[in-house]
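Structure, as structure tokens:
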Amino acid sequence: MLIIQFTKLTHVEYMNYFVPIMTSIAIISSTLNYIINPGIIYSSNKVKEKVHCASCKMLYPKTSNNIVHCGMCEICVNGYDHHCGVIGKCVGKFNMVIFVSLSLSGMGFVMCIFMILFNLIK
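Residue numbering for the sequence shown follows the working numbering, starting at 435 and increasing by one per position.
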């Protein structure tokens, strides 16, 4: 019979697993955030019912909802949440999940630093 025995890991041993995982998640998330289109709306002449953006003078389909003009990027974004200065672009409908994973991995790094400092003080 195969018996698997689990040992209690110390904080430092947890860090040996936690840091590489959080690093890889952060690298993948930040790379995808730069690559993926956040939901930029391009002008279309194929649709009959159009709405006019007052800021950029662009026409987009009337059926699109939650389209907001970003003053920093000077573009209209579908599902606009906010303009993030960290990644340097808008967070919209298509890159929201990746942005959240990047934020969570950043919080993981902060937690990791606090654990290291706590162990040094001890």
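For every residue, glycine included, the Cβ atom is placed at its ideal position computed from N, Cα and C. Here the structure is a predicted model, which means the values were calculated and not measured.
Could you tell me if residue i is buried or exposed, where buried requires 16 or more neighbouring beta carbons within 10 angstroms of its beta carbon?
i	result
Asn529	buried
Gly519	exposed
Tyr451	exposed
Phe552	exposed
Tyr494	buried
Phe548	exposed
Asn467	buried
Measure the beta-carbon distance from residue i to residue j and round it to whole angstroms, keeping in mind my assumption that it falls under 8 Å.
i	j	result
Cys524	Pro472	5 Å
Ile521	Val511	Between Val511 and Ile521 the Cβ distance is about 13 Å, and since that is not below 8 Å, they are no contact.
Phe533	Met456	Rounded, the Cβ-Cβ distance is 16 Å, inconsistent with contact.
Gly526	Gly513	5 Å
Ile460	Gly540	Residue identity check: residue 460 is Ala in the sequence provided, not Ile. Confirmed, about 7 Å.
Taking Cβ positions, are residue i and residue j nearer each other than 7 Å?
i	j	result
Leu536	Ser458	no
Ile509	Ile474	yes
Just list the alpha helix (DSSP H) runs in the segment 496-524, keeping only unbroken ones of 4 residues or longer that don't cross its boundaries, in chain order.
-> none
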